Every structure is written in structure tokens, then in C-alpha cells.
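Chemist: What follows is a single structure, and I will ask about it in a moment.
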Amino acid sequence: MGLTTWTISGWTAYMGFPADPDAFGCTWWATVEEGWRSPPSPRLSRVDRPRRHGEVDPGQAWLPGRTMDLKGIVEAPDHPTLAAAGDRFAGLLADGNLATLVVDEDGIIRQADARLGDAPTFDLVNPSLATWTLSLLMPDPLRYGSGDAQSASTGLPAAAIGLTVPSTVPWVFASGGTSGRLTLTNSGTAPTRPEFTITGPVVNPRIEHSNSGRVLDFATTLGSTDSLLVRTDSGEVLLNGTENARNALSNASSPVTSVVFTSGDNEVFYRATSSTGGSALTVTYRNAYY
Numbered sequence: 061m062g063l064t065t066w067t068i069s070g071w072t073a074y075m076g077f078p079a080d081p082d083a084f085g086c087t088w089w090a091t092v093e094e095g096w097r098s099p100p101s102p103r104l105s106r107v108d109r110p111r112r113h114g115e116v117d118p119g120q121a122w123l124p125g126r127t128m129d130l131k132g133i134v135e136a137p138d139h140p141t142l143a144a145a146g147d148r149f150a151g152l153l154a155d156g157n158l159a160t161l162v163v164d165e166d167g168i169i170r171q172a173d174a175r176l177g178d179a180p181t182f183d184l185v186n187p188s189l190a191t192w193t194l195s196l197l198m199p200d201p202l203r204y205g206s207g208d209a210q211s212a213s214t215g216l217p218a219a220a221i222g223l224t225v226p227s228t229v230p231w232v233f234a235s236g237g238t239s240g241r242l243t244l245t246n247s248g249t250a251p252t253r254p255e256f257t258i259t260g261p262v263v264n265p266r267i268e269h270s271n272s273g274r275v276l277d278f279a280t281t282l283g284s285t286d287s288l289l290v291r292t293d294s295g296e297v298l299l300n301g302t303e304n305a306r307n308a309l310s311n312a313s314s315p316v317t318s319v320v321f322t323s324g325d326n327e328v329f330y331r332a333t334s335s336t337g338g339s340a341l342t343v344t345y346r347n348a349y350y
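Every number in our numbering is 60 more than the matching position in the sequence shown, counting from 1.
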């Protein structure tokens with residue numbers, strides 16, 4: 061029989077066999093799950109067409125946060141152990157902060173950041189058995205692959221590679237064997253938002269996402285110890301990890317939040333007007349799933 065485990069903030073529930081007791085001798089069984097495997101319904105502002113059949117197309121529909129309910133039972137060796145389990149369960153995620161939910165379905169692992177969506181319940185059935193419910197809210201409705209984020213780096217393109225020269229500036233050839241091009245694969249089913257890190261020395265760096273035609277163009281100079289962190293999820297641009305540098309974006313730049321990696325291969329090009337060598341672009345992202 062297949063086994064699914066639900067783990068968050070040190071607590072684990074099992075759906076299937078085998079199930080292991082926790083450090084206190086209690087076994088948590090999940091019997092009902094709602095909201096994890098299906099994406100939430102899209103947000104729609106529905107307006108009827110006047111004097112016509114149908115309704116006005118609202119345009120792209122965005123997803124709200126994901127809600128998930130888990131219900132199950134817990135078995136304990138005796139009543140005092142069960143009572144203590146209830147106290148621990150009442151404190152699960154009680155600080156109101158986000159924690160990472162990890163769901164393992166026979167080795168297929170997905171994860172999402174979650175917080176309590178409603179108060180948990182814990183009701184005694186007999187001295188060694190209780191029922192429980194756990195409601196979670198995930199502000200980001202997407203699920204992500206397990207483990208560390210995907211990451212890849214490139215320097216500025218080198219003439220020795222035999223690249224096709226871009227028809228418009230900015231561009232520069234650097235010494236060495238880098239191509240300035242990365243092919244990055246989002247193996248999930250949903251778009252994902254990458255992070256870009258540019259290290260100097262470099263003048264007017266530029267990131268091109270060929271799939272969408274979007275560009276992140278910067279009118280700035282980075283020294284040999286400087287870095288520029290670009291977060292497409294939040295729209296932040298940070299110089300050396302802390303200083304707001306959104307004003308470094310040129311008028312030719314696309315909005316930061318408009319650069320999204322679709323499912324499948326995504327090509328990214330790194331360019332600049334000049335560099336004395338050593339500049340690099342690192343791209344970090346996670347495989348995303350609906």
C-alpha cells in the first residue's frame with residue numbers, strides 16, 4: 061500500500077503503512093486530506109454582458125492562497141501520553157509564523173510554506189485515542205519540488221565561443237570560455253519566479269529572458285566586490301544584499317515581476333556594455349507545481 065507523510069514544524073502524520081510513532085510513542089494517522097492535490101479556484105470578477113449572452117472576459121485569472129485541511133486520529137500508549145500529545149498539538153504553529161510543509165508520496169516530494177488557517181482541534185475518543193484536525197493556509201498557492209533550489213551561473217559571453225553577436229547594445233565579449241547563455245529547466249507544471257545575482261566588476265549589466273522577450277536592464281556600475289540581487293517574486297533589487305537599488309533599473313527595463321520561468325526550458329542571456337573580467341550571473345529558482 062502507498063504511504064504519504066505530512067511533516068511540518070517537527071510533526072508528522074501518516075496516510076498508509078508503515079507508520080512510525082513519534083519520539084513520545086504516539087502514532088499520528090491522517091485519514092482525510094482536502095486541498096493539497098488540487099489547485100484553488102481562480103479569483104474571478106464576473107460581470108454579465110449587457111443585453112447579450114455571456115459575460116465580460118475578466119482577463120488573466122489569478123489564484124488565491126491555498127487552504128488545506130487534514131483530519132485523522134492519534135494513538136498513544138496511555139492516557140497521560142495522549143494528554144501531553146494534545147498539549148503539543150495545540151502549540152503546533154501557534155506562533156503564527158510560516159513553516160515549510162513537506163509532503164512525501166512514495167518518494168515524490170512537494171513542499172509549500174504554510175501557517176495555521178484555523179484553530180486545530182483535538183478530541184478524546186478513549187484514554188488512548190483522539191481525533192484531530194489541522195487547517196493550513198499557504199499564501200503562495202504553488203507547490204515546489206523538494207531539496208535545494210536549482211542554480212546555474214555564467215560569465216559574460218566570450219568571443220572564442222563563436223557566438224552570434226546581438227544586433228543591439230549593450231553587449232561585451234569577455235575573455236575565457238563562458239557563453240553568457242543559460243538554459244534552465246523548470247520541471248514543474250506551473251510558472252516559477254527566479255532570483256538573479258549579478259557580481260561585478262561590470263558596467264550596465266543586462267539580463268534577457270528569450271522565451272518572453274523580457275529584459276532586466278540596469279544603468280549602474282558594480283565594483284569587483286559588489287553584487288546585485290534581483291527577486292522577481294517581490295520585485296526587490298538589492299545592492300550587496302541590503303541596499304534598495306530599484307533606481308538602478310533603466311527605462312529600457314521590463315518590470316522585475318514580469319520575468320517568469322514557464323514550465324520547460326527557459327533561455328537566459330547575460331550582457332553588459334563593459335567589464336574588466338570576472339563578472340558573473342547566477343540564476344536560482346525552484347520547480348513549481350499547481
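Ideal Cβ positions, reconstructed from N, Cα and C, are used throughout, including at glycine. The structure displayed is predicted, hence computed values, not measured ones.
Closer than 8 Å by C-beta to ALA90: which residues in its own chain qualify, once you throw out the five before and the five after it? Chain order, please.
Modeler: For this step, residue 90 is matched to residue 30 along the sequence shown. Within the same chain, ALA90 has close Cβ partners THR64, TRP66, ALA73, TYR74, MET75, LEU130, LYS131 and GLY132.
Chemist: Determine the DSSP secondary structure at GLY132, reduced to helix, strand or coil.
Modeler: Reading the sequence shown from its first residue, position 72 is the one you call residue 132. Looking at GLY132 - three-state DSSP - the assignment turns out to be strand.
Chemist: Considering only the alpha carbon of each residue, which of ALA79, CYS86 and PRO102 lies closest to TYR350?
Modeler: The residue labelled residue 350 in the question sits at position 290 within the sequence shown. Considering only alpha carbons, the answer is PRO102.
Chemist: In this structure, how does DSSP classify SER335 when only helix, strand and coil are distinguished?
Modeler: For the purposes of this step, residue 335 is taken as residue 275 along the sequence shown, with counting starting at 1. Note: SER335 maps to coil in three-state DSSP.
Chemist: Considering only residues of the segment 286-346, which uninterrupted beta strand (DSSP E) runs meet the minimum length of 3 residues and lie entirely inside it, listed in chain order?
Modeler: Those beta strand (DSSP E) runs which fall completely within the segment 286-346 and span 3+ residues are 287-291, 296-299, 324-331 and 340-345.
Chemist: Provide the residue span of the beta strand (DSSP E) that contains ASP147, from first to last.
Modeler: On the sequence shown, residue 147 is found 87 positions in, with the first residue counted as 1. First-last for ASP147: 139-150, but that is the alpha helix (DSSP H), not the beta strand (DSSP E).
Chemist: How would you call LEU189, buried or exposed, if buried means at least 16 neighbouring beta carbons within 10 angstroms?
Modeler: Walking along the sequence shown from the start, residue 189 turns up at place 129. Exposed: under 16 other Cβ atoms inside 10 Å.
Chemist: Taking the alpha-carbon of ILE68 as reference, which of VAL185, HIS113 and ASP173 has the nearest alpha-carbon?
Modeler: Taking the sequence shown and counting its residues from 1, one reaches residue 68 at position 8. Checking every option, the nearest Cα to that of ILE68 belongs to ASP173.
Chemist: Beta-carbon of CYS86 versus every beta-carbon of chain C: anything under 7 Å?
Modeler: Included in the structure is just one protein chain, with no chain C present.
Chemist: CB-CB under 8 Å to ASP138, same chain, minus the five flanking residues each way: which ones, in chain order?
Modeler: As a position in the sequence shown, residue 138 is number 78, starting the count at 1. Result list for ASP138: PRO187 and SER188, in chain order.
Chemist: Given a cut-off of 7 Å, decide if TRP88 and LEU152 are closer than it, judged by their beta-carbon atoms.
Modeler: Mapped onto the sequence shown, residue 152 falls at position 92. Mapped onto the sequence shown, residue 88 falls at position 28. No, the Cβ-Cβ distance between LEU152 and TRP88 is not below 7 Å.
Chemist: If you draw a straight line from the C-alpha of GLY248 to the C-alpha of GLN210, how long is it?
Modeler: Residue mapping note: residue 248 aligns to position 188 of the sequence shown, counting from 1. Residue mapping note: residue 210 aligns to position 150 of the sequence shown, counting from 1. Computed Cα separation, rounded: 12 Å.
Chemist: For ASN271, which three-state DSSP category applies?
Modeler: Stepping through the sequence shown from its first residue, residue 271 is reached at position 211. Coil.
Chemist: Just to check my reading of the structure: GLU327 and SER239 have Cβ atoms closer than 8 Å, yes? What is that Cβ distance to the nearest angstrom?
Modeler: The count along the sequence shown starts at 1 and reaches residue 327 at position 267. The count along the sequence shown starts at 1 and reaches residue 239 at position 179. That belief does not hold up - the Cβ atoms of GLU327 and SER239 are roughly 11 Å apart, past 8 Å.
Chemist: For GLY337 and VAL343, what's the separation of their Cα atoms in angstroms?
Modeler: On the sequence shown, position 277 is the one that residue 337 refers to. On the sequence shown, position 283 is the one that residue 343 refers to. One C-alpha to the other measures close to 19 Å.
Chemist: Return yes when the Cβ of ALA340 is within less than 7 Å of the Cβ of SER213, no when it is not.
Modeler: Within the sequence shown, the letter at position 153 stands for residue 213. Within the sequence shown, the letter at position 280 stands for residue 340. Yes, the pair counts as a contact, with Cβ atoms nearer than the cut-off.
Chemist: Contact check, PRO265 vs SER284 under 8 Å by CB: the rounded distance?
Modeler: Looking up residue 265 in the sequence shown gives position 205. Looking up residue 284 in the sequence shown gives position 224. Contact flag wrong, Cβ pair sits at about 14 Å.
Chemist: Is DSSP giving PHE77 helix, strand or coil here?
Modeler: In the sequence shown, residue 77 corresponds to position 17, counting from 1. Correct three-state label for PHE77: coil.
Chemist: For VAL290, count the other beta carbons within 10 Å of its own beta carbon; 16 or more makes it buried, fewer makes it exposed. Which is it?
Modeler: As a first step, residue 290 is located in the sequence shown; it is residue number 230 there, counting from the start. Its Cβ being crowded by 16 or more others within 10 Å, VAL290 is buried.
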